[in-house]
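Presented below is the structure to which this report refers.
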Amino acid sequence: MPIEQILILALIQGITEFLPISSSGHLLLVPLLTGWPDQGLMTDVMVHMGSFLAVVVYFWRDILKLIGGAIDLLRGRMTVWGKLALFIIAATIPAVILGPILDKIGFMDAARSMPQLVAWNAIIFGILLYLCDRYGLWVKRMENMTFGQAMIIGVAQAIAIIPGTSRSGITMTAGRALGFERPEAARFSFLLGIPAIAGAGVLKLGTAISEGHPISGDQLLTAAFTFIVALATIAVLMKLVKVTSFLPFAIYRVALGVILLALIYSGYSFGTVH
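Following the numbering used here, the residues of the sequence shown are numbered contiguously, the last one being 315.
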């Protein structure tokens, strides 16, 4: 791949994976703006791995606490971090169940070829993000989470399998709707995303290897750039949510959806969303 394609892919994945703005919506715009062919399955795997490493590096302290809490659980002692580790595992299950079901019935292939679904989801869930953030209470921290609340956010994450929804966007929306402080909603969203991103990467890696796709230097470079961009994106977002609302992201999502709809109804033919 040319260096400019590597940089653009890294920027798109690193930024849109974690900002609540829908990565699939942006992937629809890439071929329109650049004319580049599909980057290939192994490149998708590498950018996911770059994103995964960025979350692990940024939240390493929380991850160590979660691991310690899980070990305490195995020893029969319940702690706050052990409870959160249990919640994250349980809240990941809806996506693990729903993903294969939707894939088996052919919904995912159909959804990826429906840009209008991506556009409308970008708009609808953008509006929901604003409403839940605007009217949600500021009374709960992650340590106060209940099992039921964790499962609601987990179900929201499962819904994000549908293109245009945004995993980070809908989980933060659910967190704010449940009354969690904005930084805490974002924090739990990122921690909940670790097994989801890792799982998606492992599944894609298995598919890529079985289909005989090699790992090239370009793909490793793309992963490295994605890691840098994703790490910066997480750091910036965690600072922004302390001082500003989700309104700018909601406006951006609605604008993105409107642009996509305008292109669709003008007759532009999009490719498949990966």
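Even glycine gets a Cβ: it sits at the ideal position worked out from N, Cα and C. Owing to the predicted nature of the structure, the values given are computational and were not obtained by experimental measurement.
Give the range of the alpha helix (DSSP H) segment to which residue i is assigned.
i	result
F221	Here F221 belongs to no alpha helix (DSSP H), and DSSP marks it neither H nor E.
F268	258-284
G117	Segment: none, G117 is in no alpha helix (DSSP H) and carries neither H nor E.
E45	44-57
A291	288-306
L60	Counting along the chain, L60 falls outside any alpha helix (DSSP H), and DSSP gives it neither H nor E.
I203	First-last for I203: undefined, no H or E at that position.
I165	156-176
In the DSSP assignment, what are the bridge partners of residue i?
i	result
K181	F221
For a quick check, are the C-beta atoms of residue i and residue j less than 8 angstroms apart?
i	j	result
G110	W122	yes
F128	A191	yes
T274	L60	yes
I193	L158	no
F166	S230	no
G240	A163	no
A152	Q198	no
P156	I305	yes
M87	L272	no
M83	I256	yes
V277	R223	no
I47	F266	yes
A7	Y171	For the chain, the structure presents residues 42 to 315; residue 7 sits outside this window and is missing.
E225	M279	no
I328	V295	A query on residue 328 cannot be resolved here, the shown segment of the chain reaching from 42 to 315 and no further.
K181	F221	yes
K245	D144	no
Since residue i contacts residue j with CB under 8 angstroms, what's their CB separation in whole angstroms?
i	j	result
L125	L107	6 angstroms
A264	M90	5 angstroms
A132	G195	3 angstroms
S63	G189	At roughly 27 angstroms, the Cβ-Cβ gap does not stay under 8 angstroms, so S63 and G189 are not in contact.
G76	A160	So it is not a contact: roughly 21 angstroms between Cβ atoms.
Worksheet item: Is the segment 210-219 touching the segment 248-257, taking contact as three or more C-beta pairs under 8 angstroms?
Response: Segments in contact, no.
Worksheet item: Counting Cβ pairs, one atom from each stretch, are 3 or more of them under 8 angstroms apart for the segment 172-189 and the segment 112-119?
Response: Touching, no, given that fewer than three Cβ pairs across the two stretches are closer than 8 angstroms.
Worksheet item: Is the segment 232-246 touching the segment 42-57 in the sense that three or more CB pairs, one from each, lie closer than 8 angstroms?
Response: The segment 42-57 vs the segment 232-246: no contact.
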